[in-house]
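Step one of this worksheet: look at the structure below.
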Amino acid sequence: MPTRLVICDDSGMARKQIARALPPQWDLHVEFAADGREALELVRAGRVDVLLLDLTMPVMDGYETLQAFKAEGLAPKVIVVSGDVQPNARKRVLELGALDFLKKPLDPAQLEQALTRLGVNAAPVPEVRRDLALQVDFRDCYREVANVAMGQAADLLARLLDVFVILPVPNVNMLEAGELQMALKSTEDYDTISAVCQGYIGSGIAGEALLIFNDASFKDIARLMNFHGKLDATAELELLMDTANILIGACLKGIADQLDIRFSQGHPTVLGRHCKVSDLLAANAGRWRETLAIEINYRIEDYNINCDLLLLFTADSIQTFNGKIAHLLDAA
Amino acid sequence: MSTMTEFHWTLEVLQNLDVGLVVLDRDYQIQVWNGFMENHSGLSASEVRGHDLFALFPEIPEEWLKHKAQTVFLLNNRAFTIWEQQPHVFPFRNYRPITGTAEFMYQNITIIPLTSMSGEVSHICLIVYDVTDIAVSKQALTSANQQLERLSRTDRLTELNNRGYWEECVVREFRRQQRSGQKSTLVMFDIDHFKQVNDRYGHPAGDAVIRAVSQVLRRNLRDSDIAGRYGGEEFGVVLINTDAPSALYFAERLRKTVQALTVTHDDQAIQFTISLGLAELAAEVEDHKEWIARADKALYQAKEGGRNRSCVFGE
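Line by line, the protein sequences give chains A and B. Using my numbering, read the first sequence as starting at 2 and increasing by one per residue. Using my numbering, read the second sequence as starting at 6 and increasing by one per residue.
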């Protein structure tokens, strides 16, 4: 009797990677779900012994799914597999009834140990490739790479500041020149400085990160960073730079680690100080083309802090990036 | 090429790089100090090695730098600081008598984590960039732009706002009003029989009169009020958070001050008066143009009524 295992993740790439990480010679019957709602249906139908559950998903996220199991008295064995690796995320899902927590990118050895701990039948069967049938598009792959990277950035922020960072599903889009202009222009309307740019380049992939604070509430950022001095323009700049260092740096490192490359980072530029947004717009408007953009909206629980991190890749990078992603997908 | 040679070359290059390299351990004791740092500080690597960075350089903002360094140690993440935060972290003097542009070196600093065999961040490296020329030219550009901006919105003769910029301000105030619902009043005024002043005393005297009125106006303004030269001898003032009765008080004081004023030009004493029209912003006013038109209408009424007086729109 094989163990019935369901992989629930909104990302096709993640489903493929998790399927590939399953012990190839174990007697498993594997099904897939693209969000919590689908997983819940399968559990209700009595078709699930073990559920590998993602947290950040549209429709119904991992937390909501666990809550639904509790409410309905359903008790599949759940292992959370998430890019959101904040200490608090782990604590919360264990409280909600999950039996284990594994972080993305998933280590096959850890998965095997976790399954063993749950007493999953390891009776040997002929080796199978479980991921062959899965088709994945590139946008989905970018989203998953960003998902893991932003989770690592959030983890750093969470550990440094002892907060919980609310993570959304990242947006991956081809950004029109006009949309970029609008995003930049929006930063000009604030009295305070509210955006930081930083270039990055490595192994044929290059671009610029743009971190925009929406309705920058420096009072909240100051509270968060344990800053007690007078909140003048200098202090605001410091707080902005500290946050940018963490969010941009950690997110880029997360992406670089997954692609097995390293980025050099240029020095950050604060928009609105000695670099006027209107001048940038005037100088570059004709040069901007449609570009690949990964957009992540970070919010911090219990604080009025909300920022958008945009990673804009140069057109020249996209081919190399696609190649690296294809490699990620095919890696045995 | 042997690994030894390559290693030797790397050291040689780092030593000669025109960028500062400093390696610190967890106690902020200096472990590496390259040629750039030696040359700009006047302290050799052997003199500083093993010494506390902050003891050697009390000028370095210790708490600030430690805060940045701590996150690098803790998170194994790079940190960047730019000259706009701390212009001169290391107190290095300008060393070029001819082409130097500032007294001290402006610096950007990157802090990178260095991990030990066990994967722990045991040291950090400060990479110090000399950005003096960039900082100085950016600052010069910013101040030139500010000056240009100021010039482009100032009227030469009166040094009040010129008409274009003043109207922009009126538009902004009109919009702000719509949101806040507070009361503001617009005052338009001009110099009575100004043509006669010009004809009788000459244009330079006319200019002197306009300048004198501007001075009186400026002395009577609060910081938040916005005054501009609207046309030849016509002026406009937005009195922020001021209703019509209070604005009338302002207008009358201005009128009486001008009436008592004597402008002396080429030994000729010139006396003159002004007429003023006021319009408080009301809900039914559709745009800033209508607001100005209302004040203009009140001004016309003051003229019709015999000049040297203030009239409020609708009264």
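Idealized CB from N, CA, C, for every residue including glycine.
Are the segment 158-172 of chain A and the segment 274-290 of chain A in contact at 8 Å, needing three or more beta carbon pairs? no
In angstroms, rounded to a whole number, what distance separates the CA positions of residue 185 (chain A) and residue 139 (chain B)? 23 Å
Under 8 Å between the Cβ atoms of residue 279 (chain B) and residue 215 (chain B)? no
Report the rounded CA-to-CA distance for residue 202 (chain B) versus residue 234 (chain B), giving the unit in angstroms. 18 Å
Residues in the same chain with beta-carbon distance under 8 Å from residue 68 (chain B), minus the five sequence neighbours each way, listed in chain order, please. none
Where residue 305 (chain B) sits in the DSSP three-state scheme: helix
For residue 113 (chain B), which residues in chain A fall below 7 Å Cβ to Cβ? 268
Give the interface partners of residue 238 (chain B) over in chain A, defined as CB-CB distance under 8 Å, in chain order. Simply none; closest approach about 35 Å.
If you drop the 5 nearest sequence neighbours on each side, which residues of the same chain put their C-beta closer than 8 Å to that of residue 123 (chain B)? none
From A:88, A:66, A:103, pick the residue whose C-alpha is nearest to that of residue 19 (chain A); which is it? A:103
Just the C-alpha distance for residue 7 (chain A) and residue 31 (chain A), rounded to the nearest angstrom, thanks. 6 Å
What residues match up with residue 190 (chain B) in a beta bridge as DSSP calls it? B:244, B:285
Could you say which of A:231, A:79, A:154 lies nearest to residue 37 (chain A) if we only look at CA atoms? A:79
Grouping DSSP H, G and I as helix and E and B as strand, with all else coil, what is residue 325 (chain B)? The structure shown does not extend to residue 325 (chain B), since chain B spans only 6 to 320, so no value can be given for it.
Residue 208 (chain A) in three-state terms, based on DSSP: strand
Under three-state DSSP, which class holds residue 291 (chain B)? coil
Same chain, Cβ closer than 7 Å to residue 29 (chain A), neighbours up to 5 away in sequence not counted: 3, 4, 6, 23
For a contact meaning CB atoms closer than 8 Å, what does residue 86 (chain B) contact in chain A? 242
Residues of the segment 99-112 of chain B with a CB closer than 7 Å to any CB of chain A: list them in chain order, please. none
Whose CA, out of B:165, B:31, B:74, lies closest to the CA of residue 132 (chain B)? B:74
Does the beta-carbon distance from residue 312 (chain A) to residue 326 (chain A) come in below 8 Å? no
If residue 291 (chain A) and residue 151 (chain A) are in contact, beta carbons under 8 Å, what's the gap, nearest whole angstrom? Contact doesn't hold; Cβ gap of about 23 Å is too wide.
Do we get a CB-CB distance below 8 Å when we pair residue 333 (chain A) with the residues of chain B? With a pLDDT of 39 at residue 333 (chain A), under the threshold of 50, the predicted position of this residue should be treated as unreliable, though the coordinate-derived value follows. No, residue 333 (chain A) does not count as interfacial toward chain B.
Given residue 39 (chain B), which residues of its chain have a CB within under 7 Å of its CB, disregarding the five upstream and five downstream residues? 19, 20, 22, 25, 26
Determine contact between the segment 215-230 of chain A and the segment 50-62 of chain B, defined as no fewer than three beta-carbon pairs at a distance below 8 Å. no
Contact set between the segment 246-260 of chain A and chain B, restricted to residues whose Cβ is under 8 Å from the partner: 246, 247, 250, 251, 254
Starting from the C-beta of residue 66 (chain A), find all residues in its chain whose C-beta is less than 7 Å away, skip the five residues before and the five after it, and write them out in chain order. 37, 40, 41, 54
Can you give me the start and stop residues for the alpha helix (DSSP H) that residue 274 (chain B) sits inside? From DSSP, residue 274 (chain B) is part of no alpha helix (DSSP H) but of the beta strand (DSSP E) over 273-275.
Name, please, each residue of chain A whose Cβ falls closer than 8 Å to the Cβ of residue 76 (chain B). 161, 243, 246, 247
What is the rounded straight-line gap between the Cα of residue 333 (chain B) and the Cα of residue 58 (chain B)? Residue numbering for chain B in the displayed model covers 6 to 320; residue 333 (chain B) lies beyond these limits and cannot be assessed.
Determine the closest residue to residue 97 (chain B) out of B:242, B:42, B:223, B:183, with distance taken between C-alpha atoms. B:42
Taking C-alpha atoms, which residue in A:310, A:247, A:16 lies nearest to residue 85 (chain B)? A:247
Please list, in chain order, the chain B residues whose beta carbon lies closer than 9 Å to that of residue 164 (chain A). Correct list: empty, because the minimum Cβ distance to chain B is about 14 Å.
Hey, residue 273 (chain B) and residue 210 (chain B): beta-carbon distance below 8 Å or not? yes
DSSP three-state assignment for residue 333 (chain A), whether helix, strand or coil: Its pLDDT being 39, under 50, residue 333 (chain A) is placed unreliably in this model, and the value from its coordinates should be taken loosely. Correct three-state label for residue 333 (chain A): coil.
Buried or exposed: which applies to residue 333 (chain A), given that a residue is buried once 16 or more other Cβ atoms fall within 10 Å of its Cβ? The predicted position of residue 333 (chain A) is uncertain, since its pLDDT is 39 and thus under 50; a value taken from the coordinates is nonetheless stated next. Looking at its Cβ environment, which holds fewer than 16 other Cβ atoms inside 10 Å, residue 333 (chain A) is exposed.
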